[in-house]
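*Asks:* Protein chains in written order, with our numbering: chain A, 9 to 263; chain B, 9 to 263.
Let me give you the structure first, and then I'll get to my questions.
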């Protein structure tokens, strides 16, 4: 048996999220269906670095699966992409040690959140970026970022629906890139709680419109209560961009 | 009665083309339905600069319509976008002279054709760019362009399904922009025949793979026969980018 690690990209627009469920089309469901075809009907279980919600996209989601097939690493994308729907694409596969686990071996993650601020909705962006046609004070947003970094209990920035108990995480950086009428926020950390990036993003947008101030961030963190942070930003702007493993096999951006 | 000229953008992926038809969702159908709602049930006929086929996109399609409503120019996008589906967006409206006609007043058009050459399909580009993961000799393509420019009878580059009789058109320029693994071809001319940009593009791609040579272009034109040109390139890469009117009211790129 071989363990394979793959980087996959998907357009989350038409999925009920990553994780398989009884009703609704899921990324995991499509991956396992394609692998089952390739394995002549045998079930192949896929493990991912983490779930993504309905509408959330992935550029560098990482999965692993075990297979008796001896397909060369560079032939896997061709073999599987023909069996996958057009909104999922396998970008890269490598054979890894049987101890490798897409979720438990991950040491960090990068998410990106895309916003466009043009006055009118774009027919090409409405599923891929959050439309936010309101004046934003970017300096206020930048001033709010430092107090959100570091190691904290991020309960205030986590959906109450989570089942995770330990809510301490480390955010290494939040970077803002501005191009014309588009904003891209890059979040890097050792891990993120359920809805954490979208709640951080929604809170930063409220700082940008003056509803909250940069100096509120420390207090919100200290309250350990979701009701003090901003609204959860919409799913369509969010991308799981990259999953980091030990330095020797860091994922490249592949799309 | 006022005549209004509007610039609209649409994602052609889910349309059976621009022009209204008995079956199938069309851009014109959606525009007229939205205008009918705004006019309390009265029919409002929309005229466009030209049709686009199923799957073809528009960044700067231009339409005109007549309306008794005295809505200020800058309020039209807000008024109509709320009644339009997410894959059509009205970007700009101005009141024009009653002699203005979106089609007959046009003096030129710009189309763009987008290609991505990465080895594997992208889940984010498959509806918006043509996937062409084959080696292309861009120098050969550039060498083929000059003989396609100027004023010619473009019968060889026009779908046999056309009903237009005069197939003489002028192509001002064909420009190639390369960014990483993406190619963008910019076609500017006084007008384009049915499928003309896609057939020009398909022919240039065959030059890029060596199936045709740059020196074949003049001969293909001279034959005035569609069978000598290359295959029609897929719809998803094509964008109606801009429509030019007399110099005083040239359209801006608005998206």
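We put the beta carbon where it would ideally sit given N, CA and C, even for glycine.
Being a predicted model, the structure only gives us computed values, none of them experimental.
Have a look at residue 7 of chain A and residue 100 of chain A and give me their C-alpha separation to the nearest angstrom.
*Replies:* This structure leaves residue 7 of chain A out entirely; chain A is present only between 9 and 263.
*Asks:* Could you list which residues in chain B have their beta carbon closer than 7 angstroms to that of residue 142 of chain A, in chain order?
*Replies:* Going along chain B, no residue has its Cβ under 7 angstroms from residue 142 of chain A, so there is no contact; the nearest lies around 14 angstroms.
*Asks:* Kindly indicate which residue of A/56, A/28 and A/246 has the alpha-carbon position closest to the one of residue 205 of chain A.
*Replies:* A/246
*Asks:* In the DSSP assignment, the alpha helix (DSSP H) including residue 11 of chain A goes from what residue to what residue?
*Replies:* Note, residue 11 of chain A: premise wrong, no alpha helix (DSSP H); beta strand (DSSP E) at 10–18.
*Asks:* Give the DSSP bridge partners of residue 103 of chain B, in chain order.
*Replies:* B/12
*Asks:* Can you name, in chain order, every residue of its own chain whose Cβ lies under 7 angstroms from the Cβ of residue 22 of chain A, other than the five neighbours on each side?
*Replies:* 33 and 95
*Asks:* So if DSSP puts residue 55 of chain B in a beta bridge, which residue, or which two residues, is it bridged to?
*Replies:* B/72
*Asks:* Please give me, in chain order, every unbroken run of the alpha helix (DSSP H) with length at least 4 that falls completely inside the stretch 141–208 of chain A.
*Replies:* Qualifying alpha helix (DSSP H) stretches, in chain order: 146–152.
*Asks:* Give the range of the beta strand (DSSP E) segment to which residue 45 of chain A is assigned.
*Replies:* Element bounds for residue 45 of chain A: not the beta strand (DSSP E) but the alpha helix (DSSP H), 35–46.
*Asks:* Take the Cβ of residue 69 of chain B as the centre, count every other Cβ of all protein chains shown within 10 Å, and call the residue buried at 16 or more, exposed below.
*Replies:* Buried, because 16 or more other Cβ atoms sit within 10 Å of the Cβ of residue 69 of chain B.
*Asks:* Would you check whether the ligand PLP has a heavy atom nearer than 8 angstroms to the C-beta of residue 142 of chain B?
*Replies:* Ligands are entirely absent from the displayed structure, and the ligand PLP is therefore not among its contents.
*Asks:* Using only the alpha-carbon positions, how far apart do residue 67 of chain B and residue 160 of chain A sit?
*Replies:* Looking at the two C-alpha atoms, the distance is approximately 45 angstroms.
*Asks:* Listed from N- to C-terminal order along the chain, which residues in the stretch 17–43 of chain A have their beta-carbon within a distance smaller than 8 angstroms of any beta-carbon of chain B?
*Replies:* 17, 18 and 19
*Asks:* What are the start and end residues of each continuous alpha helix (DSSP H) run of 4 or more residues lying completely inside the stretch 82–134 of chain B, in chain order?
*Replies:* Counting only unbroken stretches of 4 or more residues, the alpha helix (DSSP H) elements lying wholly within the stretch 82–134 of chain B are 84–89, in sequence order.
*Asks:* Would you report the Cα separation of residue 216 of chain B and residue 147 of chain B, rounded to the nearest angstrom?
*Replies:* 8 angstroms
*Asks:* Can a CB atom of chain A be found closer than 9 angstroms to the CB of residue 131 of chain B?
*Replies:* yes
*Asks:* Going along the chain, which residues of the stretch 176–188 of chain A sit with their C-beta nearer than 8 angstroms to a C-beta in chain D?
*Replies:* The structure shown contains no chain D; its protein chains are A and B.
*Asks:* Starting from residue 94 of chain A, find everything on chain B with Cβ-Cβ shorter than 9 angstroms and list it in chain order.
*Replies:* 129, 131, 134 and 135
*Asks:* Any idea which residues DSSP pairs residue 139 of chain B with across the strands?
*Replies:* B/124
*Asks:* List the endpoints of the continuous alpha helix (DSSP H) containing residue 248 of chain B.
*Replies:* Where residue 248 of chain B is concerned, there is no enclosing alpha helix (DSSP H), although the beta strand (DSSP E) it sits in stretches over 246–252.
*Asks:* Between residue 253 of chain B and residue 35 of chain A, what straight-line distance do the alpha-carbon atoms span, to the nearest angstrom?
*Replies:* 47 angstroms
*Asks:* Taking residue 229 of chain A as part of the alpha helix (DSSP H), name the residues at either end of that continuous run.
*Replies:* 224–231
*Asks:* Identify every residue that forms a DSSP beta bridge with residue 66 of chain B.
*Replies:* B/18 and B/248
*Asks:* Is the stretch 162–172 of chain B touching the stretch 225–235 of chain B, taking contact as three or more C-beta pairs under 8 angstroms?
*Replies:* Contact holds: three or more Cβ-Cβ distances are below 8 angstroms.
*Asks:* Check whether chain B comes within 9 angstroms of residue 99 of chain A, counting only Cβ atoms and requiring the distance to be less than that.
*Replies:* yes
*Asks:* Expressed to the nearest angstrom, what Euclidean distance is found between the alpha-carbon atoms of residue 228 of chain A and residue 50 of chain A?
*Replies:* 50 angstroms
*Asks:* What residue from B/202, B/79 and B/156 has the CA that sits closest to residue 182 of chain B's CA?
*Replies:* B/156
*Asks:* Does the stretch 113–129 of chain A come within contact of the stretch 187–203 of chain A, defined as at least 3 CB pairs closer than 8 angstroms?
*Replies:* Contact check between the stretch 113–129 of chain A and the stretch 187–203 of chain A: three or more CB pairs, one atom from each, fall below 8 angstroms, which counts as touching.
*Asks:* Nearest chain A C-beta to residue 80 of chain B closer than 9 angstroms, yes or no?
*Replies:* no
*Asks:* Who are the neighbours of residue 242 of chain A on chain B, taking C-beta pairs under 8 angstroms?
*Replies:* Within chain B, no residue comes near residue 242 of chain A; the closest Cβ sits about 13 angstroms away, beyond 8 angstroms.
*Asks:* Going along the chain, which residues of its own chain have a beta-carbon closer than 7 angstroms to the beta-carbon of residue 38 of chain B, five neighbours each way excluded?
*Replies:* 92, 93 and 96
*Asks:* For residue 89 of chain B, count neighbouring C-beta atoms within 10 Å of its own C-beta (all shown protein chains included) and say buried if the count is 16 or more, exposed if not.
*Replies:* The Cβ neighbour count for residue 89 of chain B, taken over all protein chains shown within 10 Å, is at least 16; the residue is labelled buried.
*Asks:* With distances taken Cα to Cα, identify the nearest neighbour of residue 12 of chain B among B/60, B/41 and B/79.
*Replies:* B/79
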